[in-house]
Structures are given as structure tokens and as C-alpha cells.
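In order, the protein sequence lines correspond to chains A and B. Per the numbering used here, the first sequence runs over residues 35 to 370. Per the numbering used here, the second sequence runs over residues 35 to 370. Ideal placement from N, C-alpha and C gives every residue a C-beta, glycine not left out. Since the model is a prediction, treat every value here as computed from it, not as a measurement.
There are 2 protein chains.
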Amino acid sequence: MQMQETLRGHTIHFKNAPRIIATGSIAGPKECAGIAGASVDRALDDDMFGESTFEKAECKMLSYAIDSAICNAGLDRERIDVLFSGDLLNQIISASFAARDFAIPFLGVYSACSTMSESIMLAAAMVNAGYVKNAVAATGSHFASAERQYRYPLEQGTTRPPQSQWTVTGAGACVISDRGEGIRIANATMGQVVDYGVTDVNNMGAAMAPACAHTIIRHFRDTDTGPEDYDLILSGDLGALGSRLLKDLCWEKGYDISQNHADCGEIIYDVVEDEFQGGSGAGCSAVIFNSYVMSKLRGKLFKRVLFAATGALLSTVSSGQGESIPCISHAVELRA
Amino acid sequence: MQMQETLRGHTIHFKNAPRIIATGSIAGPKECAGIAGASVDRALDDDMFGESTFEKAECKMLSYAIDSAICNAGLDRERIDVLFSGDLLNQIISASFAARDFAIPFLGVYSACSTMSESIMLAAAMVNAGYVKNAVAATGSHFASAERQYRYPLEQGTTRPPQSQWTVTGAGACVISDRGEGIRIANATMGQVVDYGVTDVNNMGAAMAPACAHTIIRHFRDTDTGPEDYDLILSGDLGALGSRLLKDLCWEKGYDISQNHADCGEIIYDVVEDEFQGGSGAGCSAVIFNSYVMSKLRGKLFKRVLFAATGALLSTVSSGQGESIPCISHAVELRA
């Protein structure tokens, strides 16, 4: 059923059908060995990307993805009215420093690993309202910068527990426009913070699954749809364990998503060593969405996709002070 | 001159005049000794606010400000459609944990000390477009949590240089609505990253002044206005030195803002000891705007105000890696 209102529940309906007219993506060697390898704009053989620090490499990847998306759209930079971006590093320095390379308005967002869908939602909202003509949504992450910020110095060689995930080295961006050919953004469901009390910072999948279930179910109810209406229900970076929890949580509420669910974290790697549950990080859903999934949407192999990236809103300080992990998931609905 | 278009340059014109119908604010004892003391909703005598850590106190203040704003608007929490918030702490934990207290959609933003104006801009954009009826914009900061995150442990008693500013302990929030009596948000100018190469992390005023000048001048040009059209041009937290630089930079471009400019950082404290250049932090403009300035707007002592909060988008990592400080300023125009 088509929604008539602009807002229903937590879901915004975009009447003017803003479109993703182009994407840009880049990923490291480990990531490109997986399903995204064939469809990224650039596959790196060296995850330092010619830079002297991990953080600078992360920033350069993000900048590359943004630039690629703009080029792929056939636009000059001056035609881009606003950039929405954020990342996992403290004070979102990758996004801010990448934005320095582009003399365009920049609105920084933070939603951990759900930054991709929050950025797309806000960019689509700005385009749909007629405020801007072309907006870019972008994010990325880097395994090494995330490890040393959130966990341990790599040099220490700390053992990773089996419930952990591997932060993706990569970035993705898309251009959202009020005209042109592209994938329509039909609806967006704003997430709210959900916290089931998980305190294990190595078990992000378990922490984030309830927030993802909350948003997906909210989306179904707000739009009078069900799992069968979507060719793909794509969660962010729950990993293998988190994906099982998500399916269980949805099933408990009467929605069986098992037939058409995939998780960016679960599918990004051919898990062979210590990726364990799969990929994570803001770059995980950014890379999978802006390369693999968008190529399938463009080829009409998927006609209707619900993309619900997921974010764990913790910091080393909050965990150190004994807090549990508040999580969130924002969803956007795409139509070929 | 009234703008006819929705977007002109970097400035969005809000045709439907979203309104700030209520505000909430809270500040620490040092802050309440200054001009904001008389108009905050709650003046703390203890900046720990009954909590065991600085970060928890910061989060509780933010939560208090949001709750106050909603109560002052006479609304139930269920009537709030979305919360825009962010803060200075790594991974914006104050905002995320405050959002956990409210079962409403949450969109995290990060723009350092310009978070207040970015949040207001996005909330107004959502309300003006008809996506939501009531939105909250909020941010805050805490002197002690900022010092230990960005600078040194307080216990170390490190001497502060004379160009430094004092991070404000306080939080502010406002409810933006599509109906009711209130202060109209007429226009919003999106800032872009400006970096003049300043590397002194103690001299935020000098780093941020060019970004602020860029946005203010952009606003004047986009709206065909000049300094004389505003009762108050309120910059974020440039402090005394940064404010002088801002006035010089605007003057060089042909705009003399000296007659009606004030800076939240410069006016918040009666500088008596080591606040030096004045206040800073996301809470600085949040407190001044949501208490003192809004009370003057409500009393029609100011009829037209340009509020350009300013943010320094650095992190300890970026500075440690020798980067200069990219800065940004977003502006919103308010009419009584």
C-alpha cells in the first residue's frame, strides 16, 4: 500500500522520489577478495593507500569515494549542494578532513556503523524537500585505525574473541539528486536508541540486533508491508551471530525475514581466519551498499530493497565506566 | 529583501517558518555567575550533578535540557518526532546516552561547537518540509570531560596559555515546531570547512574565525542583507581574540559587523581568572542561545538575530599527526 502522509510513525515518505544517481566505492585487499571486489570503483592492493598513517589512509579513501561518486554522476563539484558524512574516528576526523578537500557545504553526522543510512536519509530529505538539487552521502572506516582507537595497538597482537568482527577497510559514497536516472529512495525510517544491556564490546552483533529489529519492524508497520514485499532486507554489520539474533527477534514479532535477509557484515568476507563473525565498521555497509547492492539494483536483480545499517553508540570511555551499549539503526527503502 | 527561492547559494529559505516554541537550559556554577545565570532553567551548584563521572554529569545535563525544553513546550515526549543532537565527546556519547532516555527517533550529528546551529538547521529543515511536526535540537559540554579528553588530566594542574578558552559546563535544547507561538527560523546557511592552517590547539578562536566569517558573509550575500539588518550577529565560541579576528575578516570583505556583533564565548563569563579568552565548547552557544538570547528574542528586544555557532573539527589524533585545524560554522536566522 502506498503511504499518503509524509510522516507515518517514524517513517518519512519521499513523495518526490529523490534518486541515487551514482555511487563511488573503494576497499582494501582483504575486502576485495570477497563479493564487493568485482563492483568497487577501486580495489587497493595496499591498505595504507600511499599515506603515512592509518587515519590519513581512511580519510583519503573517503575522499576518493566522494570524488568517484561525483565523477560517476557526471557532475562538477560545484553542482553538489551539500555533503553528509561521518565516520568512526573520534570527532569524525575522516569526514571533516575529507570535507576540507571539497569546497561545498558539509553537515557532519555520527551514527557509528549506521552512518551510511543516516546520511542517505538526511540527503534524501534535503533533496525531496527541494532545499538542494544534489547531495552526497558518504562514510568509511579502516581496520587499523579502528583497532587502535577502540581496542588495542595492532603491534600488541592481542587475541580476538570468536564473537568479534573485523572492521572493514573501505569507503562508499552516493550522489542523491532530484533528477536523472537512478534508484529511487521511497521511504526512510528513523531509528531510536535501543539498549538491551549488552556490555561485551566484542559482541557488537548481539548489541545491535535489537535496534535493527526495532527499525525493520517499525518500517513494516509504518508502510503496511512485510518481508515478502522486499527482494532484499539488508542489515548493516551484525555479522553471522547478530544476523541470527535479528531473524529470531523479527520472528518473535511475527515477521519471518529469513528468506530475503542478508547482512553486509556476514557477506563481505569469505571468512577464513580471524574475521570470525564477519565485517563491521561504517565502511562495511558503505562498501556493500554502494558497490554490490547498487549494481544489483541497477541491473534490476533487486527491485525493492530495505537497507537498515546498524550502529553501536559506545565509546571506550562509556564502556570503561561500566555502561552497556546503546544501539541504533536507520533504514532507507530503495526501488529500482 | 525576501528570498523567493528555497536555496540560494548555501542558504536554505524556510517558507513555512518553523518556530522555536520552547527552550531548555542548564549550566554549572561558574557559568551561572555570568549573564546566562538569570535565564537558565536550572543553575547547578555542583557541576557533578549528582553523578560519579564528568561524562555522566554531561549526559545528565543534556538529558535535563532536552526534557526541560519538551516540558516548557507543554508537549508529551510522544509528540516529539525526532531529536537532533551531538556533543564533543568521542562517539558523541552524551547525545547517544541522553537519547536512550527518550523513546523517540534520534539523528546524531557532529559539528564540534557548532552542533547547536547544525541541529537547529536540520530540525527546522525537517519541520519546514512537513516531515515532522515537532523536533528537538540539543547539545552540551562539560569543562572537566573536555579537558581530560582533549588536553590533560585535571589532576595534573597543567598551566593554560593565555590564548586558551574555558569549556562551558552546560547544555541547551529547543523544540522546533510547525505551529504555535515562537521565534521564527527564517533562513539557514550551511557552512563549509575552512582551514587557514592554524595548528595551535589552544587557539581555537584564531582557527575558527575564518570559517565564521565565511558563513556570515555567505549569509549576507545569499539573503541580500548586511550587518545593519540584524539586531544581533551572534558567533559561537570564538572568545575575545577570535571575535576581534572575525570582525577584521568581515571588515576586509566590506562588512562592518562591529556594531551588532556578540560572541557567546566572549560574553558568557565575567573573566576573572583562567578563562582567558572566554568560553568554548558545544555547551557555550547552546546555553547562551537557549537562555539569554532566546529570552531577549521573546521579549522583542532583539527582532532579527543571525546565530552562527562555530566548530573546530580537530581531534587529538589529527593534531598529533601534525594536521592543522579544519573549522566550520553553520548559521540560522531568527525573527521575533
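Between which residues of its own chain and residue i is the CB-CB distance below 6 Å, once the five residues before and five after are set aside?
i: Ala342/A; result: Cys246, Thr249, Ile250, Ser269, Ser363 and Ala365
i: Glu152/A; result: Val143, Ser145 and His364
i: Asn324/B; result: Thr57, Ser59, Gly206 and Cys208
i: Asp304/A; result: Gly68
i: Ile154/B; result: Ala171 and Val366
i: Gln36/B; result: Residue placement at Gln36/B is flagged as unreliable, the pLDDT there being 42, under the threshold of 50; the coordinate-derived value follows with that caveat. If we look at Gln36/B and ignore the five residues flanking it on each side, it has no Cβ neighbours.
i: Asp81/B; result: Gly62 and Thr203
i: Gln38/A; result: Residue placement at Gln38/A cannot be trusted, given a pLDDT of 49 that sits under 50; what the coordinates show is reported in the next sentence. Answer for Gln38/A: no residue qualifies.
i: Ser277/A; result: Asp297 and Glu300
i: Ile210/B; result: Pro52, Ile54, Ala157, Ala158, Val161 and Ala169
i: Arg113/A; result: Asn168
i: Cys284/A; result: Ala247 and Ile291
i: Ala346/B; result: Ala146, Met238, Ala241, Met242, Ile359 and Cys361
i: Ala107/B; result: Ile55, Ala56 and Val209
i: Lys337/A; result: Asp265 and Ala370
i: Gly317/A; result: Gly174, Ser175, Val202, Gly204 and Ala205
I'd like to check one pair, residue j with residue i: are the Cβ atoms closer than 8 Å?
i: Ala158/A; j: Ala103/A; result: no
i: Cys147/A; j: Gly315/A; result: yes
i: Asp229/B; j: Arg42/B; result: no
i: Asp121/B; j: Thr149/B; result: yes
i: Val339/B; j: Tyr264/B; result: yes
i: Gln226/B; j: Ala169/A; result: no
i: Arg194/B; j: Phe310/B; result: yes
i: Glu357/A; j: Phe131/B; result: yes
i: Phe177/B; j: Leu141/B; result: no
i: Met160/A; j: Val116/A; result: yes
i: Gln125/A; j: Leu348/B; result: yes
i: Leu109/B; j: Gln197/B; result: no
i: Gln199/A; j: Gly313/A; result: yes
i: Thr173/A; j: Ala77/A; result: no
i: His44/B; j: Pro261/A; result: no
i: Ile219/A; j: Glu65/A; result: no
i: Ala163/B; j: Ala99/A; result: no
With a 10 Å radius around its C-beta and 16 neighbouring C-beta atoms as the bar for buried, classify residue i as buried or exposed.
i: Asp212/B; result: buried
i: Pro187/A; result: exposed
i: Asp297/A; result: buried
i: Val327/B; result: buried
i: Asp385/A; result: Any answer about residue 385/A is impossible in this case: the structure gives chain A only from 35 up to 370.
i: Glu307/B; result: exposed
i: Asp75/A; result: buried
i: Ala91/A; result: buried
i: Ala70/A; result: buried
i: Gly84/A; result: exposed
i: Lys287/B; result: exposed
i: Thr344/B; result: buried
i: Lys334/B; result: exposed
i: Gly354/B; result: exposed
i: Thr201/B; result: buried
i: Asp258/B; result: exposed
i: Ala79/A; result: The question names Ala, but residue 79/A is Asp in the sequence shown. Exposed, because fewer than 16 other Cβ atoms sit within 10 Å of the Cβ of Asp79/A.
Ordered along the chain, which non-local residues of its own chain (more than five positions away) have a Cβ less than 8 Å from that of residue i?
i: Thr40/B; result: Ile46, His47 and Lys49
i: Ile217/A; result: Arg53, Ile54, Met328, Leu331, Arg332, Leu368, Arg369 and Ala370
i: Glu89/B; result: Leu123, Ile127, Ser128, His176 and Ser179
Leaving out five residues on either side along the sequence, give the residues of the same chain with a beta carbon under 7 Å from the beta carbon of residue i.
i: Lys281/A; result: Ile291, Ser292 and His295
i: Thr350/B; result: Tyr184
i: Ile214/B; result: The identity of residue 214/B in the sequence shown is Gly, whereas the question assumes Ile. Only Arg53 and Ile55 meet the Cβ criterion.
i: Ala133/A; result: Leu117, Ser119 and Phe140
query = Going along the chain, which residues of the stretch 209-231 of chain B sit with their C-beta nearer than 7 Å to a C-beta in chain A?
reply = Met224, Gly225, Gln226, Val227 and Asp229
query = For the stretch 346-359 of chain A, which residues have a beta carbon sitting closer than 8 Å to at least one beta carbon of chain B?
reply = Leu347, Leu348, Ser349, Thr350, Val351, Ser352, Gln355 and Glu357
key: Contact residues within the stretch 127-139 of chain B, judged by C-beta distance below 7 Å to chain A   = Ile127, Ser130, Phe131, Ala133, Arg134, Ala137, Ile138 and Pro139
key: Near-chain A residues of the stretch 154-178 of chain B (beta-carbon distance less than 9 Å), N- to C-terminal order   = Met155, Leu156, Ala159, Met160, Asn162, Ala163, Gly164, Tyr165, Val166 and Lys167
inquiry  = Closer than 7 Å between beta carbons: that is the criterion. Which residues of the stretch 43-58 of chain A meet it against chain B?
reply    = His44 and Ile46
Those runs of the alpha helix (DSSP H) which lie wholly inside the stretch 121-152 of chain A and span at least 4 residues = 127-134
task = Using a Cβ-Cβ cut-off of less than 8 Å, list which residues of the stretch 311-335 of chain B approach chain A; keep chain order.
result = none
Length at least 3, wholly inside the stretch 151-233 of chain A: the beta strand (DSSP E) runs in chain order = 168-175, 204-211 and 217-223
task = Check each residue of the stretch 141-152 of chain A: if its Cβ is closer than 8 Å to any Cβ of chain B, include it; give the result in chain order.
result = Leu141, Gly142, Val143, Tyr144, Ser145, Ala146 and Glu152
Those runs of the alpha helix (DSSP H) which lie wholly inside the stretch 272-340 of chain A and span at least 4 residues = 273-286, 298-302, 316-322 and 328-332
request  = Taking a Cβ distance cut-off of 8 Å, strictly less, list which residues of the stretch 107-120 of chain A are near chain B, in chain order.
outcome  = Asp115, Val116 and Gly120
query = the stretch 87-104 of chain A: which residues have C-beta closer than 8 Å to a C-beta of chain B, in chain order?
reply = Thr87, Glu89 and Lys90
request  = Would you list, in chain order, the members of the stretch 265-288 of chain A that have their beta-carbon closer than 7 Å to a beta-carbon of chain B?
outcome  = none
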